[in-house]
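Heads up: the sequence shown begins at 20 in our numbering, then just goes up one per residue.
From the three backbone atoms N, C-alpha and C, an ideal C-beta is built for every residue, glycine too.
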Amino acid sequence: MSSRRKPSRRTRVLVGGAALAVVGAGVVGTVAAHASDSTGAVPAAAPAAARPGDLTRSTHLTVRAAEKAARAALDAAVKDGRQVSVAVVDRNGDTLVTLRGDGAGPQSYESAERKAFTAVSWNAPTSELTGRLAQAPTLKDIPGTLFLAGGTPVTAKGAPVAGIGVAGAPSGDLDEKYARAGAAALDR
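Here it is in structure tokens:
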């Protein structure tokens, strides 16, 4: 039996990104080496410009706002005497801020990130999403998700811009209460 832990999502992304960069550098170098003309000079590449109709805009929560939300969620839990971890992810599910409260369990860190990711992915509190598992039990198999109460989305103009996840309280209802406290801090 192996005691090796599965690498975290962040580690897998970093390792994959590094491997992609190495492969990309090799491809670019190979193309550049074969792109010279008869004088041996490499022609300058013209920058590609995307047409306005080919672009979309998205809104993202700032790091400052993410820190404010995470701090408010953690403070609400501490006020109730709870040891939790809080994570705030952006619209793409990338972690902006994670706070591990004093005494929070080791599992709470990743659970908070996954709850935040799940909330922003479906633009719904994770407590509501747990009900969907009855109709579609394989939803829980989607990588990076956690269908337990404790995550809430943050929206702007009806669209999700972030997710806040909390884990470590004795119940998901409390986790979600603290996540909502973090989201409410953004309205002030």
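Find the nearest neighbour of V97 within the set D160, A198, R207, T149, judged by alpha-carbon distance.
For the purposes of this step, residue 97 is taken as the residue at position 78 of the sequence shown. Of the listed residues, the one whose Cα sits closest to V97 is A198.
Note the first and the last residue of the continuous beta strand (DSSP E) segment covering G201.
By one-based count along the sequence shown, residue 201 stands at place 182. Looking at the DSSP string, G201 is not in any beta strand (DSSP E); the run it does join, the alpha helix (DSSP H), is 191-204.
Might you give, ordered along the chain, the residues of its own chain that have their beta carbon closer than 7 angstroms to the beta carbon of A202, omitting 5 neighbours on each side?
Position 183 of the sequence shown, counting from 1, holds the residue named residue 202. These residues qualify, in order along the chain: A88, T171, V173, I183.
Neighbour-count burial assignment, R119, 16 or more Cβ in a 10 Å radius:
The residue you call residue 119 lines up with position 100 of the sequence shown. Burial is judged here by how many other beta carbons sit within 10 angstroms of a residue's own beta carbon; R119 has at least 16 and is buried.
On the CB-based measure, 16 or more other CB atoms within 10 Å of its CB, does A52 come out buried or exposed?
As a position in the sequence shown, residue 52 is number 33, starting the count at 1. Here the model assigns A52 a pLDDT of 49, short of 50, so the residue's position is not dependable, and the following value carries that caveat. Flag for A52 reads exposed.
Which partner residues does G182 have in the DSSP bridge list?
If you number the sequence shown from 1, residue 182 lands on position 163. V108, P172.
Given N142, which residues of its chain have a CB within under 8 angstroms of its CB, disregarding the five upstream and five downstream residues?
For the purposes of this step, residue 142 is taken as residue 123 along the sequence shown, with counting starting at 1. Take N142, set aside five residues on each side of it, and the residues of its chain with a beta-carbon closer than 8 angstroms to its own are P172, T174, A178, P179, in chain order.
Cα separation between A204 and V105?
For the purposes of this step, residue 204 is identified with residue 185 of the sequence shown, where counting begins at 1. For the purposes of this step, residue 105 is identified with residue 86 of the sequence shown, where counting begins at 1. The straight-line gap from Cα to Cα measures roughly 14 angstroms.
Following the continuous alpha helix (DSSP H) through R119, name the residue where it begins and the one where it ends.
Indexing the sequence shown from 1 puts residue 119 at position 100. Under the DSSP assignment, R119 falls outside any alpha helix (DSSP H), being part of the beta strand (DSSP E) whose first and last residues are 114-119.
Can you tell me which of the three DSSP states T157 falls into?
Residue mapping note: residue 157 aligns to position 138 of the sequence shown, counting from 1. In the structure shown, T157 sits in a helix (DSSP, three-state: H, G or I).
Just checking my contact of D94 with A181 at CB under 8 angstroms: how many whole Å lie between their CB atoms?
Here the question's residue 94 lines up with position 75 in the sequence shown. Here the question's residue 181 lines up with position 162 in the sequence shown. About 18 angstroms; that fails the 8 angstroms criterion.
Identify whether V94 lies in helix, strand or coil by the three-state DSSP scheme.
Along the sequence shown, one-based indexing puts residue 94 at 75. Going by the sequence as given, residue 94 is Asp instead of Val. If DSSP states are grouped into helix, strand and coil, D94 belongs with the helices.
Does the distance from the CB of V103 to the CB of V185 come in under 8 angstroms?
As a working note, residue 103 is residue 84 in the sequence shown. As a working note, residue 185 is residue 166 in the sequence shown. Going by C-beta atoms, V103 is nearer than 8 angstroms to V185.
Which residue from A84, R70, S127 puts its Cα closest to that of P206?
Position 187 of the sequence shown, counted from the start, is the residue given in the question as residue 206. A small correction: the amino acid at residue 206 is Asp; Pro does not occupy that position in the sequence shown. Checking every option, the nearest Cα to that of D206 belongs to A84.
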